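Only one structure is covered here, and it is reproduced in the block below.
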Amino acid sequence: MRTIGLGNALVDILLQLESDSILQEIGIQKGAMDMISEEQMTAIRKAQEHREKSRTPGGSVCNSMRAMSYLGAASSFIGKIGSDSVGEYYEEAVRKAGVTPYFIKTEGISGSCTVLISPDGKHIVCICTYI
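Using the numbering used here, the letters of the sequence shown correspond one by one to residues 598 to 728.
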């Protein structure tokens, strides 16, 4: 059996913040779930680039294709990624999971679902699907 999925290519990123200052700078409230702009995500990535983070390829369709691959089915995923290190990571991770990627690569940064954890443990979900 061969399965092909088409969906949003989003990297899931988990990031512990040093302080809440970045939230104030980009206008996001603690405990929120927001669709944010490319400019806001770029500010988060620049301000936190030195921090350790956890990341995994995500997006519901890609997650399903990875599960199919783990179960032994041939699977492919069609999506769009940016011409950045996040897009490179996404493509490599999808391949390593046994999924054949078919990506359109565009200028700009790749989409992500970034969960920020503030020093007091509150979660802030920032979703960017702008490419």
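Where is the CB? At the ideal position from N, CA and C, for every residue including glycine.
Treat the numbers as computed from the prediction; the structure is a model and nothing was measured.
Annotated three-state conformation of Ala-671 is strand, per DSSP. The DSSP-derived three-state label of Ile-721 is strand. DSSP places Gly-684 in the helix class (H, G or I) of the three-state scheme. In its chain, beyond the 5 residues on either side, Lys-677 have a beta carbon closer than 6 Å to the beta carbon of Ile-701. Non-local C-beta neighbours of Leu-614 in its own chain, meaning closer than 6 Å and more than five positions away in sequence, comprise Leu-713 and Ser-715, ordered along the chain. Membership of Leu-611 in the beta strand (DSSP E) is indicated by the continuous run 607-613. About 7 Å separates the beta carbons of Val-722 and Cys-710, which is inside the 8 Å limit, making them a contact pair. Pairing Ile-610 with Lys-643 gives a Cβ-Cβ distance that is not under 8 Å.
In the DSSP assignment, the residues bridged to Leu-713 are Leu-612 and Ile-721. Bridge pairing for Asp-617: absent [DSSP]. Residue Pro-654 holds the alpha-carbon nearest to the alpha-carbon of Val-608 among Ala-629, Pro-654 and Ile-619.
When DSSP states are grouped into helix, strand and coil, Met-638 belongs to the helix group. For the pair Glu-704 and Tyr-667, the Cα-to-Cα distance works out to about 31 Å.
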